[in-house]
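Below is one structure, written out as structure tokens, with a few remarks after it.
Numbering (the working numbering), first residue to last: 303 to 437.
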């Protein structure tokens, strides 16, 4: 069973962003699976680094979409992105520079953050963009 299962309620009804969110969910599942199955630090580290890198790509794409469409809450949204990106980069760096291991709590933090961010922050821009005819 997957650690994080995509559900329709997570959809922001903007195809490109939904696809990126689904990819983030898959990558988080890959990270959790690598952790639990004892794949080793090298593999867990690569999956973590890939997840952090893709998160930055996603945030950039999301912010550009909001900017192009004059989304009024872009600055607050970007602040949330910046805070998570900073934590994720620190986690990745700490993992690679120390003997730190990732825990279930780390996975739960990332899952909870993504879930809450989509449901309570991303849904707002989804409604805004949908009202402008973007799907």
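In this text, a Cβ means the ideal position worked out from N, Cα and C, and glycines have one as well.
Owing to the predicted nature of the structure, the values given are computational and were not obtained by experimental measurement.
Residues near residue i by beta carbon distance below 7 Å, same chain, minus five either side
{"i": "residue 382", "result": "419, 423"}
{"i": "residue 304", "result": "331"}
{"i": "residue 320", "result": "313, 314"}
{"i": "residue 387", "result": "357, 358, 361"}
{"i": "residue 432", "result": "315"}
{"i": "residue 437", "result": "315, 316, 317"}
{"i": "residue 323", "result": "312, 420"}
Residue closest to residue i, alpha-carbon to alpha-carbon, out of the options
{"i": "residue 325", "options": "433, 337, 341, 354", "result": "354"}
{"i": "residue 401", "options": "347, 309, 323, 333", "result": "347"}
{"i": "residue 352", "options": "373, 390, 369, 338", "result": "390"}
{"i": "residue 333", "options": "433, 411, 384", "result": "411"}
{"i": "residue 308", "options": "327, 370, 349", "result": "327"}
{"i": "residue 364", "options": "349, 392, 380", "result": "380"}
{"i": "residue 403", "options": "343, 384, 318", "result": "343"}
{"i": "residue 396", "options": "317, 318, 345, 350", "result": "350"}
{"i": "residue 318", "options": "329, 384, 366", "result": "366"}
Outcome for residue i when other beta-carbon atoms lying within 10 angstroms are tallied against a minimum of 16
{"i": "residue 357", "result": "buried"}
{"i": "residue 336", "result": "buried"}
{"i": "residue 377", "result": "exposed"}
{"i": "residue 340", "result": "exposed"}
{"i": "residue 421", "result": "exposed"}
{"i": "residue 435", "result": "exposed"}
{"i": "residue 416", "result": "buried"}
Contacting residues, own chain, Cβ-Cβ under 8 Å from residue i (five flanking each side not counted)
{"i": "residue 369", "result": "376"}
The region 309-325 / the region 427-434 touching (three or more Cβ pairs under 8 Å): Yes: at least three Cβ pairs fall under 8 Å.
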